[in-house]
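What follows is a single structure, written as structure tokens, with notes after it.
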Amino acid sequence: MHPYPLDPVDRTLLNALQRDGRATVGDLAEAVSLSTSPCWRRVRALEEAGVIAGYHAHLHRQRVGWGVLGFVQLALHDHTAETTSALEREVMAMPQVLSCHNLSGRYDYQLEVVAADLESFAEYVRTHVRSLPGVREISTSFSLKEVKRTMALPV
69 MHPYPLDPVD RTLLNALQRD GRATVGDLAE AVSLSTSPCW RRVRALEEAG VIAGYHAHLH
129 RQRVGWGVLG FVQLALHDHT AETTSALERE VMAMPQVLSC HNLSGRYDYQ LEVVAADLES
189 FAEYVRTHVR SLPGVREIST SFSLKEVKRT MALPV
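Structure (structure tokens):
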């Protein structure tokens, strides 16, 4: 996939939307010194090109009951397409898994998992993660302090 060609106006629009996804077209147009119609067309073109993949509300995880953020590294028995596809399919259906990355190095996958507390995190790993297809080894760690979290990409 080739990068979409972004000009300075597109970059300013994207930065503004990353700061505030609820910004009105009028707010965006003012930020880039365009009238609303051309600004709306640019945003629409960025959406249609897949540069803007969606809009979301950023929730405070502790305020909605997820007090623990943990990382689970998985090593697999084998790396066949069947095993990795099955694991990835099951992980996609696990709502407590915020992200899953296929890694290089000692572990094959890393999951970012939320839980209400340490006890429920441990139970989740024992009952859900350990039963994922092909899992040979599990290593866990916890976030003691979140220093930075952003979805904003530098554009």
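Using my numbering, the first residue of the sequence shown is number 69, and each one after it goes up by one.
All C-beta atoms in this analysis are idealised placements derived from N, C-alpha and C, irrespective of residue type, glycine included.
Distance between T218 and R87, taken at the CA atoms: about 10 Å.
Using a C-beta cut-off of 8 Å, the segment 174 to 187 makes contact with the segment 135 to 150, since at least three inter-stretch Cβ pairs fall below that distance. The three-state reading of DSSP puts A117 in coil, since its state is none of H, G, I, E or B. With a cut-off of 8 Å on Cβ pairs, the segment 147 to 157 is in contact with the segment 192 to 204, counting three or more such pairs. Under the three-state reduction of DSSP output, L74 falls in the coil class, being neither helix nor strand.
With fewer than 16 other Cβ atoms inside 10 Å of its own Cβ, Y72 counts as exposed. Where S209 is concerned, there is no enclosing alpha helix (DSSP H), although the beta strand (DSSP E) around it starts and stops at V203 to F210.
One Cα belongs to C168, the other to V159, and the distance between them is close to 8 Å.
Assigned with DSSP and collapsed to three states, A183 falls in strand.
Secondary structure within the segment 140 to 172: the beta strand (DSSP E) runs of 3 or more consecutive residues, fully enclosed, are 165 to 170 (chain order). Here DSSP, grouped into helix, strand and coil, assigns Y177 to strand. Membership of L96 in the alpha helix (DSSP H) is indicated by the continuous run V93 to V100. Taking a cut-off of 8 Å for Cβ pairs, the segment 102 to 121 and the segment 182 to 194 do not touch, as fewer than three such pairs fall below it. Taking the Cα positions, A91 is about 45 Å away from H147.
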